[in-house]
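Chemist: Whatever position you read off the sequence shown (first residue = 1), add 616 for the numbering used here. Where is the CB? At the ideal position from N, CA and C, for every residue including glycine. A quick note: this is a predicted structure, and the numbers were derived from the prediction, not measured. To start, I am sharing the structure in question, which I have written as C-alpha cells.
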Amino acid sequence: MKLQASRTNSLNLPVMHHFLIILFIFLTSLNLLGLFPYVFSATSHLILTLSFGLPLWLMLIISSIAAAPSSTAAGLLPAGAPSWLNPFLVIIETISTGVQPGTLSFRLAANMSAGHIVMTLLSIYLMVTFWLSSWKAFGLLLVIQVFYFMFEAGIAMVQAYIFCLLLSLYSDAHPLT
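If you want it as C-alpha cells, here you go:
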C-alpha cells in the first residue's frame, strides 16, 4: 500500500499518500473486526461506506475546481474529439465522475456483506450438524468454516486496498496548477 500511495501524482495534495495509508489501516481493521461473531460489521453497511466515499470524492472535486477550474473543465473533454461529439462527451465524463463515490462505497459494502452472509450460512449449517450429532459432517464443515474465515480475512484486506487504490486513482486526475 505504501508503494501505491507514494505513486499518487497529486502535487496539490501533498499529504494524500499518508492519508491513504492511514485509511487503508483503518478500513482493514474495520473489515477484520467485522468477521468476528457478535461484532458489528461496519463496512457492510452502506451508510458508513458512503460516509467515507462521498466526502473523500467531494474533497477531490472541490480541491481540483479550486486549484485549477479551467483544467478541471477541460478534463471533461477528451483531447482530439470531434467538435460535434463534445456535448455528449462532456455529459458522459460528468456522469463518469459522478458515479465514482458509488463505485467506492457500494463495492465495499456489497463485497463485505456477501462474505458475511456466506459465513453466517456456514455457521448455521455447522451448528445444525453439531446438534444432529453428525460428526463427520461437523468436522468437514468446521474445516470449511476455518478456511473460509481465512479467505474472508484476505478478502477484507483486499477490499480495503481496492478502496484506497480507487481513491488514489481518482486523486491522480487532480489537475496540477
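1) Label His634 either buried or exposed according to how many other C-beta atoms from any shown protein chain fall within 10 Å of its C-beta, with 16 as the threshold for buried.
2) Please classify Thr665 as buried or exposed, where buried requires at least 16 other C-beta atoms within 10 Å of its C-beta.
3) Closest by CA to Phe688, which one among Gln761, Val706 and Pro698?
4) Jot down the residue ranges of each uninterrupted beta strand (DSSP E) in the segment 722 to 764, minimum 3 residues, whole runs only, in chain order.
5) So, with DSSP's three-state summary, where would you put Ser657?
6) When DSSP labels each residue in this structure, what does Gly696 get in the three-state scheme?
7) Give a yes or no on whether the C-beta atoms belonging to Asn647 and Ala776 are separated by under 8 Å.
8) Mapping DSSP to helix, strand and coil, what is Pro685?
9) For Leu676 and Thr719, what's the separation of their Cα atoms in angstroms?
10) Can you look up Phe652 in the DSSP assignment and give me helix, strand or coil?
11) Under a Cβ-count criterion, where at least 16 other Cβ atoms within 10 Å of its own Cβ denotes burial, should Leu737 be classed as buried or exposed?
Modeler: Looking at the coordinates:
1) exposed
2) buried
3) Before going further, note that residue 688 is Thr rather than Phe in the sequence given. Measuring from the Cα of Thr688, the nearest candidate turns out to be Val706.
4) none
5) coil
6) coil
7) yes
8) helix
9) 15 Å
10) coil
11) exposed
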